[in-house]
Structure formats: C-alpha cells, structure tokens
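Take a look at the structure set out below.
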Ligand code: PEP
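Numbering (the numbering used here), first residue to last: 154 to 407.
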C-alpha cells in the first residue's frame, strides 16, 4: 500500500518560539485524536528544523523537512544550505521545485534535477513539486507542462532512486488563492503523472509512489480529495499554520 503523507509547508512564517508551540500542539492533538495511517511532515524554515526534529523525535508519526536545499554538497556558496546539513538537523524530506522557488528564484527543471540528486545523495527524500499556471491550463498546455516538469526534473533517476521520491501536484492557480482544483481535475492529473511513471519505469513503481495534492487544501475539502484513488495526501500551506486546521486535514485521511 502507498504511504499517505500530509506535509505542512510553513513558508517564511513563524518565529522559533511560535513554531515550537505549534508543533507541540499538533503533536498532542494527533496523539489524542488521530489513529489513521498518514505520516505527518512539518516543514518549517531552515532555522527551526533542528529544534523541531528534536521535539518530534518521540512521536513516530511526525517527521520534519526543509523547503529547499543547495544542489552542491559543500563549499563556497554563501547563504546556501546543503542536504547533508539538513540531514544532520534531523530532516527526512526536502521540498524541491515549489512554484514560489520556480517563480521568484528562477529555478528551472535542469537546476531542480541537480537538487533532487543532492537530496537523494544525502539519504533524504525529495518532495518534487510540479504544476501548471492558470494561463497554461486555459490554453490547454497543462499536460505538456507537467510532462516536461516531471521528465526534466526526475526521469534521469534510476528506478531505485525514483521509488524514494514523493511528487506534489500543485496547480499554481490554486496555491494561496482559496481556489482548489476540483477532485476530478486533481484526480485526472495524478492519474496522468502515474501513467508517465509507468511508461518510463514500470507499473509497480508507478503504483508505489506517493503523489500529494497541494493548493488551498482545507479541512472542508480534504476528505473529498483524499477519497480519490490516486491522491495520497496533501502539501498544505496556509492551513498548516494553525494546529486545529492542520490536524483536521490530517484527520480527513483514514
Ligand atoms: C503550498 O505552499 O504548497 C500550498 C499549497 O499553499 P496553500 O495551501 O496555502 O495553497
């Protein structure tokens, strides 16, 4: 059975103190209220990962992750953070290719492919984001855009490395906008992504890969999204900044 993963991407929000408080609340609420199967990943700013990883160490359901990393292993790259550093702080996952990185920091697929390699080399799991803009959907190029993002960012990987990747489908028009893709739209794309993986690798690998949906996921739309056969969890932004809304999304996953 595929792993179900709900991840909360805090973006550039929360001081360390605020973040520690939020994680304590989430951890306690999950212990009291959730008996389902999902793994829950907290993805705070870099500066909080070490403390948060220690805080969640006694709750096996919870893991931590980072929002980005360098494509280099080490060296004279001022301001960068390597995958090895993230591992040493307790991270398990690293988001690669979030649309905000693609849009504001000009990160392209060839660059992202190198970051995916750096994450895997450190023994961590990439959460590789893909998704079309509104314009790309309106002119009906979204399947091509997604195919290119997946092929150029991931398809250089060996089959054994591909199995360690989590994919997050995040239509850009749904991120932080309050507009969610309909369940049918999301399911269609998730099944399409799985078919690309089956074509490139094989059906078993395609069936084993966790594909999350992201884009204005809230407690009131999560359950319906999660009922779709190819949606294996969510990458959550805004609703991950409060314990109640985040835990209610987790609880929507059986
Ligand atoms: C995100 O940042 O990945 C995201 C999906 O944000 P939001 O849930 O706020 O749309």
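Glycine included, every Cβ here is placed at the ideal spot set by N, Cα and C.
Let me check you understand the geometry: is the CB of residue i closer than 6 Å to at least one non-hydrogen atom of the ligand PEP?
i: residue 194; result: no
i: residue 369; result: yes
i: residue 402; result: no
i: residue 378; result: no
i: residue 299; result: no
i: residue 388; result: yes
i: residue 328; result: yes
i: residue 391; result: yes
i: residue 162; result: yes
How about residue i and residue j: are their beta carbons less than 7 Å apart?
i: residue 312; j: residue 277; result: no
i: residue 336; j: residue 377; result: yes
i: residue 364; j: residue 343; result: yes
i: residue 279; j: residue 249; result: yes
i: residue 406; j: residue 218; result: no
i: residue 202; j: residue 229; result: no
i: residue 155; j: residue 385; result: yes
i: residue 396; j: residue 178; result: yes
i: residue 359; j: residue 351; result: yes
i: residue 285; j: residue 269; result: no
i: residue 220; j: residue 196; result: yes
i: residue 392; j: residue 366; result: no
How is residue i classed by DSSP in three states: helix, strand or coil?
i: residue 322; result: strand
i: residue 167; result: coil
i: residue 292; result: coil
i: residue 194; result: strand
i: residue 338; result: helix
i: residue 217; result: strand
i: residue 388; result: strand
i: residue 229; result: coil
i: residue 247; result: strand
i: residue 161; result: strand
i: residue 224; result: coil
i: residue 278; result: strand
How many angstroms separate the CA atom of residue i from the CA atom of residue j?
i: residue 322; j: residue 283; result: 5 Å
i: residue 252; j: residue 216; result: 23 Å
i: residue 206; j: residue 165; result: 18 Å
i: residue 348; j: residue 170; result: 43 Å
i: residue 241; j: residue 370; result: 31 Å
i: residue 401; j: residue 192; result: 14 Å
i: residue 259; j: residue 271; result: 18 Å
i: residue 319; j: residue 309; result: 15 Å
i: residue 305; j: residue 264; result: 9 Å
i: residue 295; j: residue 303; result: 12 Å
i: residue 267; j: residue 374; result: 34 Å
i: residue 262; j: residue 209; result: 33 Å
i: residue 326; j: residue 173; result: 31 Å
i: residue 403; j: residue 275; result: 28 Å
i: residue 187; j: residue 204; result: 24 Å
i: residue 379; j: residue 183; result: 18 Å
i: residue 185; j: residue 231; result: 43 Å
i: residue 239; j: residue 341; result: 34 Å
i: residue 387; j: residue 211; result: 23 Å
i: residue 246; j: residue 281; result: 10 Å
i: residue 353; j: residue 362; result: 13 Å
i: residue 159; j: residue 273; result: 20 Å
i: residue 198; j: residue 389; result: 15 Å
Nearer than 6 Å: is that true of the beta carbon of residue i relative to any heavy atom of the ligand MN?
i: residue 232; result: Although the ligand MN was asked about, the structure shown includes only the ligand PEP as ligands.
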